[in-house]
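Numbering that gives the first Met the number 0 numbers the first residue of the sequence shown as 0 and each following residue consecutively.
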Amino acid sequence: MKKSTLQSGQTLIETIVASSVLVVGIIGGLSLAIYSFTNISSAATSDVAAGLAREGLEATRRLRDSNWLAGTLADCGGYFCYQTWLTAPYDLSGSAGAGTEYRVIFDPEATGNKWTLAAAGGLTDFRLYIQPGGEYSHTATASPSPFFRKVAVIYASDTAPYDATSPLVLVRSTVWWIDRRCAEVADPANTLCKIVSEAYLSNWKNY
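Dropping the structure here:
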């Protein structure tokens, strides 16, 4: 009888140990799965943000090119230039320092250029919304995305070979987002969840 009791106790201990090992293994596996899923999700979010940031740069470049096509060569004091390369028909004029901030507007129904820049002014709402066709836009819908975007047009230099009519322009496209690590902020300087893409534009057709 005593031997049977000892065997039962030993069996109980073995069961508890085996269960503990099993639980630890399951918890470890779940932790690894959650960690992997989180990393995959973060990578996917970063990829979308990078694409949106590039889109902001390319839209601005396209507007510059459209202004060239619509403009005519003029006398700029000893050389020919496109005086309206930053202003007409599409306004993408900037400023020195922090630059002029814009929201990139896409209108698929537009008869002309479907991209425009809308000066942000004092606006702080840079959120992008998912449109019925799946694209992202600042037009408010019932499907707000976690992403925000603003484009700054900065006059980086107006010294030779550049000048006031044909400055070196830095375009900075910033996309930031909300996730479990990053709360919503109005200023992307206050978050780690962001992608910043930059490109220089010039009125090189002058030369």
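We put the beta carbon where it would ideally sit given N, CA and C, even for glycine. Please read all numbers here as calculations on a predicted model, not as lab measurements.
Leaving aside the five residues before and after residue i along the sequence, list all residues of the same chain whose C-beta is less than 6 Å from its C-beta, in chain order.
i, result
"residue 194", "48, 49, 52 and 174"
"residue 63", "200"
"residue 137", "102"
"residue 106", "113"
"residue 145", "176 and 177"
Taking C-alpha atoms, which residue in the options lies nearest to residue i?
i, options, result
"residue 183", "55, 80 and 125", "125"
"residue 176", "75, 167 and 149", "149"
"residue 83", "77, 72 and 76", "72"
"residue 56", "42, 130, 185 and 115", "115"
"residue 44", "94, 123 and 147", "147"
"residue 165", "130, 123, 79 and 119", "79"
"residue 187", "123, 67 and 94", "123"
Looking only at its own chain, which residues have a Cβ that is under 8 Å from the Cβ of residue i, when we skip the five neighbours before and after it?
i, result
"residue 92", "85, 86, 99 and 152"
"residue 39", "Because residue 39 carries a pLDDT of 49, less than 50, the predicted location of this residue cannot be relied on, and no value is offered for it."
"residue 94", "152, 153 and 154"
Could you check how far apart the C-beta atoms of residue i and residue j are, in whole angstroms? I think they sit under 8 Å.
i, j, result
"residue 143", "residue 154", "Incorrect: roughly 33 Å between the Cβ atoms, too far for contact."
"residue 198", "residue 60", "7 Å"
According to DSSP, simplified to helix, strand and coil, what is residue i?
i, result
"residue 157", "coil"
"residue 131", "coil"
"residue 164", "coil"
"residue 61", "helix"
"residue 171", "strand"
"residue 200", "strand"
"residue 188", "helix"
"residue 139", "coil"
"residue 69", "helix"
"residue 180", "coil"
Output needed for residue i: all residues of its chain with C-beta closer than 7 Å, excluding positions within five of it in sequence on either side, in chain order.
i, result
"residue 181", "190, 191 and 192"
"residue 167", "155, 156, 161, 199 and 201"
"residue 169", "153, 155, 197 and 199"
"residue 203", "none"
Sequence ranges, beta strand (DSSP E) only - wholly within the segment 82-129, length at least 3:
99-105, 114-118 and 126-129, all fully within the segment 82-129.
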